[in-house]
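Only one structure is covered here, and it is reproduced in the block below.
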Amino acid sequence: MFIPTAWNSVARAACRRPRDAQCEPLLPVCVWGRQALRVGLVVLFSATAAGVQAGPATASAADPSDHTDPVASILLVLVFMAVGAVLGGRWMRRIGQPAVLGELLIGVLLANLGYALHEPVTTVLRNDAAMVEVIQVALHEDISLSEAVHRVLPNPEGDRLAQILIGPIGPQAVAIHHFVDLLSRIAVIILLFLVGLETSVQEMRHVGWTSTLVAVIGVFVPLLLGIAVVAWLNPHARLADDVFVGAILTATSVGITARVFRDLRQLHRPEAKIILGAAVIDDVLGLILLAVVSGLVVTGTVNLAAVSTITLKAFAFLAGAIGFGVWLTPRLVRLLARTEIENMKLFFALGFAFFLSWLASQFGLATIVGAFAAGLVLEEFFLDELKGHSLRDLLSPLESLIVPVFFVLMGMQVKLETFTDPGVILMATMLTLAAIMGKVVAGLGCPSHLDRLSVGLGMMPRGEVGLIFASIGKGLGVVSDALFSAVVIMVMVTTLLAPPLLKITLARRREKKAAG
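Residue numbers for the sequence shown follow my numbering, beginning at 843 and rising by one.
Here it is, written out as structure tokens:
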């Protein structure tokens, strides 16, 4: 690790505080220069990682006698994603922004730089959502990955990705993507579990009606605005297609907002509780809406029985998981308190969170809903019955290791080349404005004494949820390549804008309270 030491020495030498008064005006330049050196270091490390990991993969494919451990290159990619996340988060904190913004921007930088340099693994990772669909298409239709790519991705990126997958590094790139994708999904489950641990059932009940109102407004206003935008820009589209695009705008990715509130130590605020509750309800409403619009697109009619089933299953899970969990957890915890099994608190907590996440998936809900529900019912009983470190302290190292991987991967899916098409930019601009306005208006569902703008901004990120909706629409033939690019830009902008805007509004609120 001599390279970081050398670069840090250069940075310190170049940016040491000047003793000469004539050098004082250069201090701002010096500070930003030091930050630029750190970003350059991240880029250097990533390029080095790409080159190192590509070599063994190629050699392994070419030489059957080579016994290189296939996990080696995966470990290297994870190391450099983690290093980038740490440096990016530290950089953002130095300029007064939440760390999550740095993790997202590092992902944007690394993915687009790697793509420009024709680095194969980076190209695969930046197409994370598409790769999941590619693998599913290949398995279901019994075709090669390269053929599946051409059905999912447009040219020229589809051509490049197909060449990678049929090349010598293809199997290794797919393995790396598969592992990183699964790890990022586990990371967001752990994040929402931690958020649930810092929230109580009583607090959620207290803001229940407000959260419901915010969620309902935050679904139907973006839906109507999205329909209006698509109908205006593409008047020849079917109404069902317009409705589907509007449904994409209703999505909310609570992981990013939750991370911002945790970074700022503001999860105790009622606004945070309202956003979290609204996000859970938003997930249920989104599933119902997705079932409705998918039925409209495919058959031209809505299957009321299917919609009713989804609705009942969703509410049954939420009520059952929280109600049964509150009843069962104290009994289990008291039983565990009499045992002397080492690390039982950690094992039981993660097992309970993963089980409820799996159960949520069986009910047709997002796994993060189950993780959040598990966190709601655990912490206070564990603190009362099992002494020692809190679950938050026990899970902190795990959170620091894997949660940033999710946000770096989210940033890697931002494709800067989509900004070159004027038509895509116009559609993306209008969809982004509709997406922002729709969620900001949702904040009006809060009482006037709360920070309505912060609530609206907290509901704004679309993240992976918006991309999933868009990929489903693409599979149904509703979302064209140009429209998909516009949706990606909308997701990118709403995701990247939320952290700094939330930081500003929350700080403004604190200043008003201090002045009052």
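Every residue, glycine too, gets a C-beta built ideally from N, C-alpha and C.
If you compare alpha carbons, which of the options is closest to residue i?
| i | options | result |
| --- | --- | --- |
| ASP1001 | GLY1162, THR965, THR1337 | THR965 |
| ASP1293 | MET1334, LEU1339, GLU1113 | GLU1113 |
| GLY1193 | ALA1208, THR1171, GLY1206, LEU917 | THR1171 |
| ARG1304 | SER1322, LEU1295, LEU1338 | LEU1338 |
| GLU999 | VAL1335, SER1327, LEU1348, LYS1345 | SER1327 |
| ALA1093 | VAL1061, ALA941, PHE1189, ALA1158 | VAL1061 |
| ALA1057 | GLY1319, PRO1341, MET1301, ALA1349 | MET1301 |
| LEU1267 | PHE1196, MET1334, LEU1348, SER1296 | In the sequence under discussion, the amino acid at residue 1267 is Ile, which differs from the Leu named in the question. When only C-alpha atoms are compared, the closest one is MET1334. |
| VAL913 | HIS1020, ALA972, ASP970, HIS982 | HIS1020 |
| VAL1250 | SER915, ASP911, VAL925 | VAL925 |
| PHE1196 | ASN997, VAL950, ALA1029 | ALA1029 |
| ASP970 | LEU1003, HIS960, LEU951, ASN997 | LEU1003 |
| THR1260 | ASP1023, VAL1022, ASN997 | ASN997 |
| VAL1168 | ILE916, VAL1175, VAL1219, ALA1215 | VAL1219 |
| LEU1243 | HIS1078, LEU920, MET1272, LEU981 | LEU920 |
| LEU1039 | HIS1110, GLN1014, TRP1051 | HIS1110 |
| ILE1069 | CYS1288, ALA1277, LEU1318 | ALA1277 |
| ILE1152 | SER1203, ARG1180, PHE1166, PRO1289 | SER1203 |
| ALA1147 | GLY1165, ASN1185, ILE1006, ILE1130 | ILE1130 |
| PHE1248 | GLY956, LEU967, GLN1108, SER915 | LEU967 |
| TRP1051 | GLY1319, LYS1115, HIS1291, ALA1191 | LYS1115 |
Can you tell me which of the three DSSP states residue i falls into?
| i | result |
| --- | --- |
| ASP911 | coil |
| GLN1108 | coil |
| PRO1013 | helix |
| VAL1256 | coil |
| ASN954 | helix |
| PHE1326 | helix |
| GLY1050 | helix |
| HIS960 | coil |
| ALA1089 | helix |
| ALA1163 | helix |
| ALA1079 | coil |
| PHE1190 | helix |
| LEU1338 | helix |
| ASP1235 | helix |
| VAL1320 | coil |
| HIS1019 | helix |
| PRO1264 | helix |
| MET1301 | coil |
| LEU1207 | coil |
| VAL881 | Bear in mind that the predicted position of VAL881 carries a pLDDT of just 46, short of 50, making it unreliable; the figure below should be weighed with that in mind. The answer is helix: DSSP assigns VAL881 an H, G or I state. |
| GLU1040 | coil |
| HIS982 | helix |
| HIS992 | helix |
If you drop the 5 nearest sequence neighbours on each side, which residues of the same chain put their C-beta closer than 6 Å to that of residue i?
| i | result |
| --- | --- |
| SER986 | none |
| SER1199 | ILE1031, THR1209, GLY1212, ALA1213 |
| GLY949 | VAL1250, GLY1253, MET1254 |
| ALA1073 | ASP1084 |
Cβ atoms of residue j and residue i: under 9 Å apart, would you say?
| i | j | result |
| --- | --- | --- |
| GLY1088 | LEU1067 | yes |
| THR1262 | MET1332 | no |
| ARG1101 | LEU1033 | yes |
| GLU945 | ALA927 | yes |
| GLY1119 | SER1053 | yes |
| ILE1117 | THR1099 | yes |
| ASP1083 | VAL1139 | yes |
| VAL963 | ILE1008 | no |
| GLY1308 | GLY1298 | no |
| VAL1064 | LYS1257 | In the sequence on display, residue 1064 carries Pro and not Val. Cβ distance not < 9 Å, so PRO1064 and LYS1257 don't count as in contact. |
| PRO1341 | LEU943 | yes |
| ASP1336 | LEU1295 | It should be pointed out that residue 1336 corresponds to Thr in this sequence rather than to Asp. Not closer than 9 Å, so no. |
| VAL1085 | ALA1121 | no |
| VAL1071 | ASP1023 | no |
| LEU1075 | MET1269 | yes |
| ALA1017 | ILE916 | yes |
| LEU1160 | ALA1079 | no |
Ordered along the chain, which non-local residues of its own chain (more than five positions away) have a Cβ less than 7 Å from that of residue i?
| i | result |
| --- | --- |
| LEU1036 | GLY1217, ARG1234, LEU1237, GLU1241 |
| GLY882 | Any answer about GLY882 is weak, because its pLDDT of 46 lies below 50 and its placement is not dependable; what the coordinates show is given next. Result list for GLY882: empty, nothing under 7 Å. |
| LEU947 | GLY930, GLY1253 |
| ALA1312 | ILE1090, VAL1321, PHE1326, VAL1329 |
| LYS1155 | PHE1205, GLY1206 |
| VAL976 | LEU987, ALA990, VAL991, VAL994 |
| PHE887 | For PHE887, the predicted model reports a pLDDT of 44, less than 50, meaning its position is unreliable; a value from the coordinates is still stated below. So the list reads PHE922, VAL925, once near-sequence residues are dropped. |
Considering only residues of the same chain and omitting the five flanking positions on each side of residue i, which have a CB-CB separation below 8 Å?
| i | result |
| --- | --- |
| VAL979 | ILE985, ALA990, ARG993, VAL994 |
| ILE1059 | VAL1283, ALA1284, LEU1286, GLY1287 |
| LEU1419 | Outside the displayed range of the chain (843 to 1358) lies residue 1419, so it cannot be described from this structure. |
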